Amino acid sequence: MRKKDIIIVVIVICVLGSLLLYFFKQNANVPLVKLTPPIISGSLPGRTADIDTSKANNNQFVQEFIKAVDAGKVSSDFYAALPAYENTKPSQLELQQYIQIFTDNFARRIRSFTPMTRLERSVYQSQIARSKKYARLARTAKYYWLELDESARNSFKRFPMIIPTNSNGQATFSQEWIADSYRIYSYTKLYFSAIKDKSTASLESILSDPGDDKDLISSKVKQVLAFYGAQQTGSVHLNDNYTLSALRGDLVEVEQTVPASLLYSEELTEGASSRKTVNRYVQAHLTKEGKYKIFDIIPTKETALTFTILRQNVPVAALDQPIDNFTILRMFGPWSEAFFYPVKINGNEGEIYLKFKDLQIKIAGKYDRASHNFSGHISGISVKAAAFTTAQNIGIGADRADIVKRFPFIVRNDYKLSFPEGNITFLFDSYDKVKEIILAKG
92 MRKKDIIIVV
102 IVICVLGSLL
112 LYFFKQNANV
122 PLVKLTPPII
132 SGSLPGRTAD
142 IDTSKANNNQ
152 FVQEFIKAVD
162 AGKVSSDFYA
172 ALPAYENTKP
182 SQLELQQYIQ
192 IFTDNFARRI
202 RSFTPMTRLE
212 RSVYQSQIAR
222 SKKYARLART
232 AKYYWLELDE
242 SARNSFKRFP
252 MIIPTNSNGQ
262 ATFSQEWIAD
272 SYRIYSYTKL
282 YFSAIKDKST
292 ASLESILSDP
302 GDDKDLISSK
312 VKQVLAFYGA
322 QQTGSVHLND
332 NYTLSALRGD
342 LVEVEQTVPA
352 SLLYSEELTE
362 GASSRKTVNR
372 YVQAHLTKEG
382 KYKIFDIIPT
392 KETALTFTIL
402 RQNVPVAALD
412 QPIDNFTILR
422 MFGPWSEAFF
432 YPVKINGNEG
442 EIYLKFKDLQ
452 IKIAGKYDRA
462 SHNFSGHISG
472 ISVKAAAFTT
482 AQNIGIGADR
492 ADIVKRFPFI
502 VRNDYKLSFP
512 EGNITFLFDS
522 YDKVKEIILA
532 KG
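My numbering applies: residue 92 is where the sequence shown begins, and numbers increase by one.
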């Protein structure tokens, strides 16, 4: 190569180098993007290196669990492959007892499973996290719905299934979780066995609360036996007349279908009293003190005036009562405050809140923004004046002890009378006198 040609090549290289240096300086603030292979969440034949299998493994775990439920036993392979949870693992007997509960209730009836939505999951997480011992489990567990055969005798179609995961994200079973689930389930069965056997001593122990005297405990037992005796079912086995609707380490719930006549009075309208059966729920809770507590609120029969507020013994307002602004003005005069919460932005349907002296009314209906007229049905009532009473003849100033004597189970239900159509709640002052009565749709 001639000297002249060499000089030309050097000049070209220098020019190209300058251009490249200028380019990199101009793009010095552009972030570096690292290209990586796409993550595949499914399964492809012959390719596994870049597949995210955590979800697949969790789903496989649920499938194996369902197989064990249908078989009614824990296989050695399933138990051997079970990962540890916080360095512990349930014994094979403990796992067998836990799975047997599902076998007794759902064998060959689980047709599929699906993950809960984020909203559904958050509801269960917040409930379980109330127990400090399960705060971490609630946060990291996987939440599923077991889809049940629709031809089954029970009315619900889905069963909530909580699967703990360990620190590696592996689906497994917590020894504490399944042991508590089994114990609380057994406690629920003990309650129904005591009812079947009419065991007064067992029921007194199960139903007593701190501060209860002998008369109150006796009243609870009598009400329970009278209620279940009226069903005339012949037997009160958990799996015969009750459907398991929730099983957790902190709670068990069963659904019970009972004749509507046990909850409704003949005073009700024909449409309400003609219902053949209604569903009610019985729960067992693990309390903060580590004890089990049955929540079986024996219903007070509903009457035509159950959800009515009386003023000086005259009915003035009731839940589901059709109402409009003209009727309200005629009955109670002008309100001091009013609020409208639309279901949709700029919509005319929603909830209307009216505040009077010693009285508040909530209405589900329509509001005309131009005329300020509204109409709908009463969905909530709150009273604080002595002139108002409930259909049960309980008014402001009533003594807490007298209410408890009339309704022994009201303490366990946070001083709320629960009915299929709604509830009545009593709030008390520091002297144990009723200071506010709230009627609300259920």
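For glycine and all other residues, C-beta sits at the position ideal for the given N, C-alpha and C. Predicted model, so just to flag it, every value in this text is computed and none were measured.
Residue(s) in a DSSP beta bridge with residue i
{"i": "S473", "result": "Q451 and I529"}
{"i": "M252", "result": "Y235"}
{"i": "G467", "result": "I414 and G456"}
{"i": "G513", "result": "F510 and K532"}
{"i": "L401", "result": "P406 and T480"}
{"i": "Q374", "result": "E344 and F386"}
{"i": "P350", "result": "T368"}
{"i": "T179", "result": "Y176"}
{"i": "T334", "result": "E346"}
{"i": "L557", "result": "Coverage of the chain is limited to positions 92 through 533, which leaves residue 557 absent and any answer about it impossible."}
{"i": "K446", "result": "E428 and Q451"}
{"i": "A262", "result": "T256"}
{"i": "E440", "result": "K457"}
{"i": "G486", "result": "T480"}
Proximal residues to residue i (C-beta, below 6 Å), its chain only, five neighbours per side dropped
{"i": "H376", "result": "L342 and K384"}
{"i": "L237", "result": "I201, F204, F250 and M252"}
{"i": "E211", "result": "none"}
{"i": "A226", "result": "A220"}
{"i": "F398", "result": "A409, L410, G513 and L530"}
{"i": "G471", "result": "K453 and A531"}
{"i": "A285", "result": "S293 and L294"}
{"i": "Y333", "result": "V345 and Q347"}
{"i": "D387", "result": "V373"}
{"i": "H463", "result": "none"}
Boundaries (first-last residue) of the beta strand (DSSP E) holding residue i
{"i": "Y170", "result": "Looking at the DSSP string, Y170 is not in any beta strand (DSSP E); the run it does join, the alpha helix (DSSP H), is S167 to A171."}
{"i": "T205", "result": "I201 to P206"}
{"i": "E428", "result": "E428 to P433"}
Candidates the options, of which the one nearest residue i by Cα
{"i": "K280", "options": "V160, L294, T481 and K164", "result": "L294"}
{"i": "G513", "options": "T256, G533 and F500", "result": "G533"}
{"i": "D195", "options": "T205, P174, K475 and A162", "result": "A162"}
{"i": "D505", "options": "K248, Q483, I515 and S309", "result": "I515"}
{"i": "W426", "options": "Q451, K305, A482 and E442", "result": "Q451"}
{"i": "V373", "options": "V349, K367 and K382", "result": "V349"}
{"i": "K392", "options": "N332, P406, A285 and Q483", "result": "Q483"}
{"i": "L396", "options": "V405, S213 and V312", "result": "V405"}
{"i": "T368", "options": "D304, I297, L420 and L354", "result": "L354"}
{"i": "E344", "options": "K287, D306, Y278 and D304", "result": "Y278"}
{"i": "T418", "options": "E380, M207 and F465", "result": "F465"}
{"i": "D304", "options": "K496, K507 and R503", "result": "K496"}
Residue i at chain D interface by Cβ criterion, 8 Å
{"i": "T205", "result": "The structure shown contains no chain D, having only a single protein chain."}
Spatial neighbours of residue i in its chain, beta-carbon cut-off 8 Å, leaving aside the 5 residues before and after
{"i": "S166", "result": "A159"}
{"i": "K125", "result": "Unreliable placement is indicated for K125, whose pLDDT of 25 sits below 50; the coordinate value is still reported in the next sentence. Taken in chain order, the list of residues that qualify is empty."}
{"i": "N118", "result": "Confidence at N118 is low in this model, with a pLDDT of 39, below 50, so the placement of that residue is unreliable and no value is reported for it."}
{"i": "K289", "result": "L316"}
{"i": "A492", "result": "D523"}
{"i": "S615", "result": "The chain is shown from 92 up to 533; residue 615 falls before or after that span and cannot be answered."}
{"i": "M207", "result": "Y215, Y234, Y235, W236 and P251"}
{"i": "K507", "result": "I501, N514, I515, T516 and F517"}
{"i": "T378", "result": "K384"}
Start-to-end residues for the alpha helix (DSSP H) that takes in residue i
{"i": "K313", "result": "K305 to G320"}
{"i": "E267", "result": "Q266 to D288"}
{"i": "L210", "result": "R209 to I219"}
{"i": "R503", "result": "Note, R503: premise wrong, no alpha helix (DSSP H); not H, not E."}
{"i": "I297", "result": "T291 to L298"}
{"i": "A492", "result": "R491 to R497"}
Nonlocal neighbours in the same chain, by C-beta distance under 7 Å from residue i, ignoring five residues either side
{"i": "A140", "result": "Caution applies to A140, whose pLDDT of 32 falls short of 50 and renders its modelled position unreliable; the value that the coordinates give is listed next. Nothing listed; no residue qualifies."}
{"i": "K526", "result": "K475, I487, L518, F519 and D520"}
{"i": "V407", "result": "I400, L401 and M422"}
{"i": "Y432", "result": "G441 and E442"}
{"i": "D240", "result": "R200 and R202"}
{"i": "S272", "result": "Y189, L338, R339 and G340"}
{"i": "Q403", "result": "A478"}
Supposed contact pair residue j and residue i - C-beta distance, whole angstroms, cut 8 Å
{"i": "N544", "j": "D415", "result": "This structure gives no information on residue 544, because the portion of the chain shown stretches from 92 to 533."}
{"i": "I487", "j": "A477", "result": "5 Å"}
{"i": "Y575", "j": "Q183", "result": "The structure shown does not extend to residue 575, since the chain is modelled only from 92 to 533, so the question has no answer here."}
{"i": "Y276", "j": "I190", "result": "That belief does not hold up - the Cβ atoms of Y276 and I190 are roughly 12 Å apart, past 8 Å."}
{"i": "Y176", "j": "N259", "result": "Actually they are not in contact, since the Cβ atoms of Y176 and N259 sit about 10 Å apart, beyond 8 Å."}
{"i": "I443", "j": "A429", "result": "7 Å"}
{"i": "F479", "j": "I400", "result": "5 Å"}
{"i": "V312", "j": "L298", "result": "6 Å"}
{"i": "K233", "j": "N178", "result": "With a Cβ gap of about 20 Å, K233 and N178 do not count as contacting."}
{"i": "K164", "j": "Q266", "result": "Going by Cβ atoms, the distance from K164 to Q266 rounds to 19 Å, so no, they are not a contact pair."}
{"i": "V153", "j": "I269", "result": "About 15 Å; that fails the 8 Å criterion."}
{"i": "H468", "j": "A455", "result": "6 Å"}
{"i": "I389", "j": "F447", "result": "About 35 Å separates the two Cβ atoms, so there is no contact after all."}
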